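Line order of the protein sequences matches chains A and B. Note that the first sequence covers residues 131 to 479 in the working numbering. Note that the second sequence covers residues 7 to 231 in the working numbering. First up is the structure itself, then whatever we jot down about it.
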Amino acid sequence: MITISNLKKVYAARGMEVHALEDVSLHVSPGEIFGIIGLSGAGKSTLVRCINLLEKPTAGTVLVDGEDLTHLSQKELRRARQKIGMIFQQFNLLWSRTVAENVAFPLEIANVPKDTREKKVSELLSLVGLEDKANNYPGQLSGGQKQRVGIARALANDPKVLLCDEATSALDPETTKSILTLLKDINKKLNLTIVLITHEMHVIKEICDSVGVLDRGIIVEQGSVLDLFTNPKTAMARNFINSIVNTEIPPVIKERQSQLLHQGDKGKVIRVSFIGETAAEPLISSLVQKFGVQANILYGNIDHIKDTIFGSLTLELLPGSGGDVDDAINYLKSCNLQVEVLDRNGNLV
Amino acid sequence: METLFSGEFLEIASMLGEALIETFYMVFFSTAIAYLFGLPLGIILVITEKGHIAENLPLNKVLAVVINATRSLPFIILLVALIPFTKLLVGKFIGTTAAIVPLTIGAIPFVARMVETSLKEVEWGLIEASLSMGASPWQLIRKVLVPEALSSLVLGATITTITLIGYSAMAGFVGGGGLGDLGVRYGFYRYRPDIMLTVVVTLIVLVQLLQMMGDHIAQKLNKKN
């Protein structure tokens, strides 16, 4: 639905060149929710604004639904923009218009006749659950309600794509959740392609199908969200994941582990990572039964992305009565689990 | 004594009534015409700025220089300097109607700056959101910039009107009449403190009422808070 190729954006600021986007290429499939995550200053806002050309790219092309936006005339671009909805961190509702008039605004821009407009507005307000606020002004609404109006407004001209610029960053966690749920519903109901930018990993985990990690103007990693969580390739991605899933072993556990290994028995500390199916199997009891080892859980976490369970367990394996720790480890590996042996400091051996 | 008092009272009342009508006439028309030109000028000043919807820096600079130049002139000098132009436009340069011309010309750059300040209060996010929906520059001005700035524009118009009441006092110089002229000619030159006092009190009440009205309307129009 969206193909960005070799996108570059250079600003001239006080005689200096600022490279906001170095060389960005992305592909967003129809009907998916694509997340772009990055720290502040990574170029996220610039990137999302390049998709509807609110920012004019210095070089590169932006294809939306097969149309190259960078080669359109002003008039053609305005028409194309009517099919690309956008919502904002600060909502950007018109203060002088009621909720209903705000939602009607893009329809007025598109010269939709009044009676069609009214019908569409009431449909949209019921979609976002704000029928009773139609005649209120934005100044009388809460942040979450404002963003709902923003979403209704963005959907007015039946767009093919919805761009979300930090749409939940100004909201509290509870409201964020409800807005994300709404976006997910809309995505399913209308088969709408959504591109969202955020600095919060939980937003990505909550609703995105695919993700791109943006670091100083470059997409350093992109793929499915599950791949990113279970197999991050860059330090940037790992940092984002650690912000919500703690894969690092806490110091208290490390200390204990160090003592255990110090006592000189033949035990080993391992970290087992698992995704999907294998998480459901009775691993630890198998270890004990088949190999006669003792397994001691030191630390672990289990999480899920959509319907896929993933996580990691840090185990201390002791030979017990005649068991072989290495056999046990090989068994785990044969179950398609990722097994890492850790030293006393919790580092990989 | 009583008849003399009432005679004097009637005299002042009738002079005051006439002057009030002249002031209203001059201020109303000069404000209205000044907005007819000043509003578009103010809009152009804003939208031709760097990064705005119709960026045009040369035009922006030229307009700014012309506006500043006009605003540098003391009104009394503008009044005299514009005599030939006034004559060309209304056929005479003396009288209440003739006074409207310099008042308007003097007010246009003032209005343009007031409008500019009001429009700049509209958050950029609203403009960006409208552009993202495919709004044309004209739709943006008509449906976003002006309506969103309306409350502030009304406050600006109130200030403009009050300023023009002040300027109109100088219209006496070209036989424009009005409250200021009454105060100067009778109150000052003919030493009639009673007339001076009446004029001053009338002006104070007038300005208070205007400001109250302006504040009230602006408050009604402001839906932000």
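Yeah, the Cβ is synthetic: ideal placement off N, Cα and C, and Gly gets one too. Because the structure is a prediction, the values reported are computed rather than measured.
Helix, strand or coil, according to DSSP, for T54 of chain B in the structure here?
Mapped onto the second sequence, residue 54 of chain B falls at position 48. Under the three-state reduction of DSSP, T54 of chain B is assigned to coil, being neither helix nor strand.
Which of helix, strand or coil DSSP assigns to I400 of chain A:
By 1-based counting over the first sequence, the position of residue 400 of chain A is 270. The answer is strand: DSSP assigns I400 of chain A an E or B state.
D339 of chain A classed as buried or exposed, judged by whether at least 16 other C-beta atoms fall within 10 angstroms:
Counting from 1 along the first sequence, the entry for residue 339 of chain A is found at position 209. So D339 of chain A ends up on the buried side.
Residue range of the beta strand (DSSP E) that S340 of chain A falls in?
In the first sequence, residue 340 of chain A corresponds to position 210, counting from 1. Boundaries of the beta strand (DSSP E) around S340 of chain A: S340 to D345.
Could you check the C-alpha separation between K319 of chain A and R368 of chain A for me, to the nearest Å?
For the purposes of this step, residue 319 of chain A is taken as the residue at position 189 of the first sequence. For the purposes of this step, residue 368 of chain A is taken as the residue at position 238 of the first sequence. When rounded, the distance between both Cα atoms is 33 Å.
Exposed or buried, what is N466 of chain A when buried is set at 16 or more other beta-carbons lying within 10 Å of its beta-carbon?
Looking up residue 466 of chain A in the first sequence gives position 336. Exposed, because fewer than 16 other Cβ atoms sit within 10 Å of the Cβ of N466 of chain A.
Classify T491 of chain A: buried if its beta carbon has 16 or more other beta carbons within 10 angstroms, exposed otherwise.
With chain A represented from 131 up to 479, any question about residue 491 of chain A goes unanswered, as that position is not in the structure.
What are the boundary residues of the alpha helix (DSSP H) that includes A210 of chain A?
Indexing the first sequence from 1 puts residue 210 of chain A at position 80. In the DSSP assignment, A210 of chain A falls within the alpha helix (DSSP H) that extends over Q204 to R211.
Would you mind listing the beta strand (DSSP E) stretches within the segment 184–253 of chain A that are 3+ residues and don't spill past its ends, in chain order?
Here the runs fully enclosed are 189–194 and 214–218.
For the segment 205–234 of chain A, enumerate the residues whose C-beta is nearer than 7 Å to any C-beta of chain B, in chain order.
Within the segment 205–234 of chain A, the qualifying residues are R208, R209, R211, Q212, M216, F218, Q220, N222, L224, W225 and S226.
Contact between the segment 192–210 of chain A and the segment 117–128 of chain B (3+ Cβ pairs under 8 Å)
Taking 8 Å as the limit for Cβ pairs, the verdict is that the segment 117–128 of chain B does not touch the segment 192–210 of chain A.
How big is the Cα-Cα spacing for P90 of chain B and F99 of chain B?
Mapped onto the second sequence, residue 90 of chain B falls at position 84. Mapped onto the second sequence, residue 99 of chain B falls at position 93. Using only the alpha carbons, I get a separation of about 8 Å.
How would you write the range of the alpha helix (DSSP H) that F81 of chain B sits in, first residue to last?
What you label residue 81 of chain B is simply residue 75 of the second sequence in a count that begins at 1. Per DSSP, the unbroken alpha helix (DSSP H) holding F81 of chain B starts and ends at F81 to A87.
Span of the alpha helix (DSSP H), counted from its first residue to its last, around C180 of chain A
As a working mapping, residue 180 of chain A is identified with position 50 in the first sequence. In the DSSP assignment, C180 of chain A falls within the unbroken alpha helix (DSSP H) covering K174 to I181.
Give me, in chain order, the residues of the same chain whose beta-carbon lies closer than 6 Å to that of L448 of chain A; leave out the 5 immediate sequence neighbours on both sides.
If you number the first sequence from 1, residue 448 of chain A lands on position 318. Contacts found: G397 and Q424.
Ignore the nearest five residues each way along the sequence and tell me which others in T76 of chain B's own chain have a CB closer than 7 Å to its CB.
Translated into positions along the second sequence, residue 76 of chain B becomes position 70. Within the same chain, T76 of chain B has close Cβ partners P115.
So is L159 of chain B in contact with chain A if we call contact Cβ pairs under 9 Å?
Your numbering for residue 159 of chain B matches position 153 in the second sequence. L159 of chain B does not count as touching chain A.
Given a cut-off of 9 Å, decide if N317 of chain A and I327 of chain A are closer than it, judged by their beta-carbon atoms.
As a first step, residue 327 of chain A is located in the first sequence; it is residue number 197 there, counting from the start. As a first step, residue 317 of chain A is located in the first sequence; it is residue number 187 there, counting from the start. When the beta-carbon positions are compared, I327 of chain A and N317 of chain A stay at least 9 Å from each other.
Output needed for R39 of chain B: all residues of its chain with C-beta closer than 8 Å, excluding positions within five of it in sequence on either side, in chain order.
Within the second sequence, the letter at position 33 stands for residue 39 of chain B. Before going further, note that residue 39 of chain B is Ile rather than Arg in the sequence given. For I39 of chain B, where only same-chain residues beyond five positions count, the Cβ hits under 8 Å are I106 and T110.
For I59 of chain B, three-class secondary structure by DSSP:
For the purposes of this step, residue 59 of chain B is taken as the residue at position 53 of the second sequence. I59 of chain B: coil per DSSP, three-state reduction.
Which residue from A:I239, A:A458 and A:G422 puts its Cα closest to that of R401 of chain A?
What you label residue 401 of chain A is simply residue 271 of the first sequence in a count that begins at 1. When only C-alpha atoms are compared, the closest one is A:A458.
Going by C-alpha to C-alpha distance, which of A:Y461, A:I379 and A:D433 sits closest to G422 of chain A?
As a working mapping, residue 422 of chain A is identified with position 292 in the first sequence. Taking each of A:Y461, A:I379 and A:D433 in turn and checking the Cα distance to G422 of chain A, the smallest one comes out for A:Y461.
Taking a Cβ distance cut-off of 9 Å, strictly less, list which residues of the segment 171–182 of chain A are near chain B, in chain order.
Going along the segment 171–182 of chain A in chain order, one finds R179 and N182 with a Cβ nearer than 9 Å to chain B.
Going straight from the alpha carbon of F440 of chain A to that of A135 of chain B, what length do you get?
Here residue 440 of chain A refers to the residue found at position 310 of the first sequence. Here residue 135 of chain B refers to the residue found at position 129 of the second sequence. Using only the alpha carbons, I get a separation of about 39 Å.
Alpha carbon to alpha carbon, how far is V68 of chain B from E336 of chain A? Give it in angstroms, no decimals.
Here residue 336 of chain A corresponds to residue number 206 of the first sequence, with the count starting at 1. Here residue 68 of chain B corresponds to residue number 62 of the second sequence, with the count starting at 1. Whole-angstrom Cα-Cα distance: 54 Å.
Closer than 9 Å, CB to CB, is A135 of chain B near chain A or not?
If you number the second sequence from 1, residue 135 of chain B lands on position 129. Yes, A135 of chain B lies at the interface with chain A (some Cβ there is under 9 Å from its Cβ).
Under 8 Å Cβ-Cβ, which residues of chain A neighbour N231 of chain B?
Along the second sequence, one-based indexing puts residue 231 of chain B at 225. Against chain A, a Cβ distance below 8 Å from N231 of chain B picks out G269.
Grab the span of the beta strand (DSSP E) containing K138 of chain A for me, first residue to last.
By 1-based counting over the first sequence, the position of residue 138 of chain A is 8. That run of the beta strand (DSSP E) goes I132 to A143.
Going by DSSP, which residues form a beta bridge with A425 of chain A?
Numbered from 1 along the first sequence, position 295 holds the residue referred to as residue 425 of chain A. The partner list for A425 of chain A (beta bridge, DSSP) reads A:L447.
Could you tell me which residues DSSP puts in a beta bridge with T208 of chain B?
The residue given as residue 208 of chain B occupies position 202 in the second sequence. Assignment of beta-bridge partners to T208 of chain B by DSSP yields no partner.
Where the segment 138–149 of chain B meets chain A: residues whose CB sits under 8 Å from a CB there:
Taking 8 Å as the Cβ-Cβ cut-off against chain A, the residues of the segment 138–149 of chain B that qualify are S138, M139, G140, A141, S142, Q145 and K149.
Please work out which residues of its chain come closer than 7 Å, Cβ to Cβ, to M442 of chain A, disregarding the five sequence neighbours upstream and downstream, and give them in chain order.
The residue given as residue 442 of chain A occupies position 312 in the first sequence. In the sequence on display, residue 442 of chain A carries Ser and not Met. Contacts found: T377, R401, V402, S403, G430 and N431.
N- and C-terminal bounds of the alpha helix (DSSP H) containing F164 of chain A:
Residue 164 of chain A sits at position 34 when you count from the first residue of the first sequence. Run containing F164 of chain A: none in the alpha helix (DSSP H); it sits in the beta strand (DSSP E), I163 to I167.
Residues bridged to S442 of chain A by DSSP?
For the purposes of this step, residue 442 of chain A is taken as residue 312 along the first sequence, with counting starting at 1. By DSSP's assignment, S442 of chain A forms a beta bridge with A:S403 and A:N431.
Contact criterion: CB-CB distance below 9 Å. Does L156 of chain B meet it with respect to chain A?
On the second sequence, position 150 is the one that residue 156 of chain B refers to. Closer than 9 Å: yes.
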